[in-house]
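In the order they appear, the protein sequences are chains A and B.
The first sequence begins at 184 in the numbering used here and counts up by one.
The second sequence begins at 184 in the numbering used here and counts up by one.
We treat Cβ as the ideally placed atom computed from N, Cα and C, and that holds for glycine.
Keep in mind that this is a model prediction, so the values were computed, not measured.
The block underneath contains the structure these notes are about, expressed in structure tokens.
There are 2 protein chains.
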Amino acid sequence: MNKALLAVSAALALSLPASAQEEPKGAPAPSEIVAAAPAGDWMAIPAEDLLVMTLAPDAEGKPRQVVIQLMPAPFSQGWVHNIRLFARSGWYDGISVNRVQDNYVTQWGDPNYDNPEAAGEPKPLPEGLKVMEEAEYVASRSQGVPCGPDVIDPAMCNGISERLLANLVARDALGQAAFWDGWQVNQDSMQGMWPVHCYGMVGVGRNYSPDTGSGAELYTVIGHAPRHLDRNIALVGRVIEGMQHLSSLPRGSGALGFYTAEEAAKRTPILSVRVASDLAASEQPAFEYLSTESTTFATYAEAIANRRDPFFIVPAGGADICNIRVPVRRAE
Amino acid sequence: MNKALLAVSAALALSLPASAQEEPKGAPAPSEIVAAAPAGDWMAIPAEDLLVMTLAPDAEGKPRQVVIQLMPAPFSQGWVHNIRLFARSGWYDGISVNRVQDNYVTQWGDPNYDNPEAAGEPKPLPEGLKVMEEAEYVASRSQGVPCGPDVIDPAMCNGISERLLANLVARDALGQAAFWDGWQVNQDSMQGMWPVHCYGMVGVGRNYSPDTGSGAELYTVIGHAPRHLDRNIALVGRVIEGMQHLSSLPRGSGALGFYTAEEAAKRTPILSVRVASDLAASEQPAFEYLSTESTTFATYAEAIANRRDPFFIVPAGGADICNIRVPVRRAE
Chain A
184 MNKALLAVSA ALALSLPASA QEEPKGAPAP SEIVAAAPAG DWMAIPAEDL
234 LVMTLAPDAE GKPRQVVIQL MPAPFSQGWV HNIRLFARSG WYDGISVNRV
284 QDNYVTQWGD PNYDNPEAAG EPKPLPEGLK VMEEAEYVAS RSQGVPCGPD
334 VIDPAMCNGI SERLLANLVA RDALGQAAFW DGWQVNQDSM QGMWPVHCYG
384 MVGVGRNYSP DTGSGAELYT VIGHAPRHLD RNIALVGRVI EGMQHLSSLP
434 RGSGALGFYT AEEAAKRTPI LSVRVASDLA ASEQPAFEYL STESTTFATY
484 AEAIANRRDP FFIVPAGGAD ICNIRVPVRR AE
Chain B
184 MNKALLAVSA ALALSLPASA QEEPKGAPAP SEIVAAAPAG DWMAIPAEDL
234 LVMTLAPDAE GKPRQVVIQL MPAPFSQGWV HNIRLFARSG WYDGISVNRV
284 QDNYVTQWGD PNYDNPEAAG EPKPLPEGLK VMEEAEYVAS RSQGVPCGPD
334 VIDPAMCNGI SERLLANLVA RDALGQAAFW DGWQVNQDSM QGMWPVHCYG
384 MVGVGRNYSP DTGSGAELYT VIGHAPRHLD RNIALVGRVI EGMQHLSSLP
434 RGSGALGFYT AEEAAKRTPI LSVRVASDLA ASEQPAFEYL STESTTFATY
484 AEAIANRRDP FFIVPAGGAD ICNIRVPVRR AE
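Printed below as a string of structure tokens:
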């Protein structure tokens, strides 16, 4: 029973002992469709877009590394510029995880910033930071054509918009969901397009409007997508490896999940944050994502919306944009 | 900056130090609407519907208790019967959390069941368990009238269906979302209504169809709602207190997030599970939920779909059913 629950592939289900119920035949699972993708469907992620964040080792002394993929143009490029600047100036080294709110966010930054119980002075910010306008939470559609239901030329999306999005993703609760160069986005023919707050997305903490945040304070989503934050905060990337090091941290007992002064020992130290392209070639991690313009991706998304692999009895007939995660893997 | 990010109420935001940006005026936050609800909008949860699950103390020796609210009729009553039977026979005492898969589920049961690396024999099941049919994943609408867009008599829902659901919840990706006696559900005029896999919901592990599970193996959702499981697995309740004790556990490194044999020490022991009504009166926890048929709830849901409290600049214009969590609190 336990091994079969929520089985994600035939190969995994077959790891059941011989005495257990045998797996019936069925359509391939989404993970099997991805595993069978031709090599040409995988797109390399530039090393300039990868942040390597090293946390202090865990209680057993095991290393903890988190890799974040930064968003490409046209999204949030001012903040992305700042984040590379913070990383390259070493500003992030020595900050900590200060907030973990269940079913919401894990947030890291300078523990002495805006903190009435601060143990020390806030870190001075580096020079050269850009100040962003709220209008930049949304990107102009003139900068790109997402594969969505109102795409101008469906052929550009390899048939995805015609045979999939109109029925499935377009039923998203909050907008016309679409995929753009490997990212889950929403779009609006009037306003443009914007990234959405799915699990693992990374955003920029800010104060009240018109402040838009610098990138000194970052968070990632560790629960059900808080879509009310879309277009209200800058999203800058997503965690593509090591998410469990941020999602399984002890929750803070202070307001909004901040660790209280008594819980200061629970703050996880961040030892360093590096742009991968600055590392020695032998230390650079390499990742790739499944092209969201590929036929494989369309087949994968359709299979998520209508699970017909052996465990399932009733296909859902649709899927939330945040359940159609873009596959990302280590490159060989 | 960090204290203000994602502020949920004026009271919390005002805990900012004097030097920080002052909070602008705005509409009340959803949490403030709930805090102002009249006493009559709160409905007592029967003690017979509360399970008190005591985990082994944490690494610091602190107690860990989880309270689960079981679903009322007409949902999943065969499984709920079994779960009370498991609890009352003491069968759950001594089992453990065996699986934690990031952005998916935490699962508990007998670690020796269906486990090729088992350290011992599986526990024999108690007598008197019901065997359920798959048809019972869906409840007949003749057993209740949910407050949804195609409700027969909108007046029964205190105006919710007219002024809220048609525009907001009905835009749910996967069905006609609605609320029923304090629960988030989906409905279909042909088939009936069924609970949905939101964060914190508790379900029954099973093997391949036609097995439907007994209730010996349970899980809770710790990530973005896996709605493809709706109508494919029995949902039996939700975690209403202590969720962090299940969501922040270390992830398993085996297939599907199971702890491997080498990680056996990570399995969290479950010391006991009791039906609250069986406890001494002085030890019985008491909880209440905000009536989903109340005007307060309609106002609260509308405020979630259109955040106008001070932090927000663009209201979303809608909300996913899983983001409209039914408020539950300790009764005084």
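Identify, in the order they occur along the chain, each residue of the same chain with its Cβ nearer than 7 Å to the Cβ of residue i, setting aside the five sequence neighbours on each side.
| i | result |
| --- | --- |
| Pro409 of chain A | Tyr287, His380 |
| Val404 of chain A | Val288, His380, Cys381, Tyr382, Gly383, Met384 |
| Val263 of chain A | Leu253, Met254, Val419 |
| Gly303 of chain A | Asn295 |
| Lys313 of chain A | Gly261, His264, Asn265 |
| Ala514 of chain B | Ala227, Ala469, Phe470, Glu471 |
| Phe441 of chain A | Asn281, Arg282, Gly435 |
| Met426 of chain B | Gly383 |
| His428 of chain A | Leu238, Arg247, Val249 |
Could you please give me the residues that DSSP links to residue i through a beta bridge?
| i | result |
| --- | --- |
| Trp262 of chain B | According to DSSP, which records beta bridges pairwise, Trp262 of chain B is partnered with nothing at all. |
| Gly386 of chain B | B:Tyr402, B:Leu418 |
| Val458 of chain B | B:Leu234 |
| Asn369 of chain A | A:Ala360, A:Trp377 |
| Ala227 of chain B | B:Glu471 |
| Pro452 of chain B | B:Ser279 |
| Ile251 of chain B | B:Leu234, B:Val422 |
| Ala322 of chain B | B:Met376 |
Please look up how many angstroms separate the CB atoms of residue i and residue j, rounded, as I've assumed it's under 8 Å.
| i | j | result |
| --- | --- | --- |
| Ala417 of chain B | Val387 of chain B | 4 Å |
| Gln252 of chain B | Leu233 of chain B | 6 Å |
| Gly398 of chain A | Asn265 of chain A | 4 Å |
| Pro378 of chain B | Phe258 of chain B | 6 Å |
| Lys306 of chain B | Asp293 of chain B | 5 Å |
| Val367 of chain B | Ile504 of chain B | A quick correction: the sequence has Gln, not Val, at residue 367 of chain B. 5 Å between Cβ atoms; contact. |
| Ala499 of chain B | Arg490 of chain B | 7 Å |
| Asp285 of chain A | Ser477 of chain B | Not really, about 26 Å apart at Cβ, beyond 8 Å. |
| Asn415 of chain A | Ile496 of chain B | 6 Å |
| Asp492 of chain B | Gly209 of chain B | 5 Å |
Go through its chain and collect everything with a Cβ distance to residue i's Cβ below 6 Å, but skip five positions before and after it.
| i | result |
| --- | --- |
| Asp424 of chain B | A small correction: the amino acid at residue 424 of chain B is Glu; Asp does not occupy that position in the sequence shown. Counting only Cβ-Cβ distances below 6 Å, and skipping sequence neighbours, we find Val250. |
| Pro213 of chain A | Tyr483, Ala486, Ile487 |
| Gln260 of chain B | none |
| Ile211 of chain B | With the sequence shown as reference, residue 211 of chain B is identified as Pro, and Ile is not the correct amino acid for it. Excluding sequence neighbours, Pro211 of chain B sits near nothing in its chain. |
| Ala322 of chain B | Pro257, Phe258, Gly375, Met376 |
| Glu300 of chain B | Ala444 |
| Gly140 of chain B | Residue 140 of chain B falls outside the range modelled here, since chain B spans only 184 to 515, and no answer is possible. |
So, with DSSP's three-state summary, where would you put residue i?
| i | result |
| --- | --- |
| Arg271 of chain B | helix |
| Leu429 of chain B | helix |
| Phe495 of chain B | coil |
| Pro378 of chain A | strand |
| Pro393 of chain A | coil |
| Ile487 of chain A | helix |
| Arg279 of chain B | In the sequence on display, residue 279 of chain B carries Ser and not Arg. Strand at Ser279 of chain B. |
| Val509 of chain A | coil |
| Glu471 of chain B | strand |
| Glu515 of chain B | coil |
| Thr478 of chain B | helix |
| Pro337 of chain B | With a pLDDT of only 45 at Pro337 of chain B, under 50, the local geometry of the prediction cannot be trusted, and no value is derived from it. |
| Val217 of chain B | helix |
| Gly292 of chain A | strand |
| Glu316 of chain B | coil |
| Ala210 of chain B | coil |
| Ala502 of chain A | coil |
| Gly435 of chain B | coil |
| Ala155 of chain B | Residue 155 of chain B lies beyond the stretch modelled for chain B, which goes from 184 to 515, so this question has no answer here. |
| Gly244 of chain A | coil |
| Ala444 of chain B | helix |
| Ala464 of chain A | helix |
| Ala222 of chain B | helix |
| His411 of chain A | helix |
Looking only at its own chain, which residues have a Cβ that is under 8 Å from the Cβ of residue i, when we skip the five neighbours before and after it?
| i | result |
| --- | --- |
| Pro309 of chain A | Leu268, Phe269, Ser272, Trp274 |
| Ser460 of chain A | Pro229, Ala230, Glu231, Leu233, Gln467 |
| Val217 of chain B | Leu473, Thr479, Tyr483, Pro510 |
> Would the segment 426 to 438 of chain B and the segment 270 to 277 of chain B be scored as touching if the rule is three or more Cβ pairs under 8 Å?
Replying inline: Segments in contact, no.
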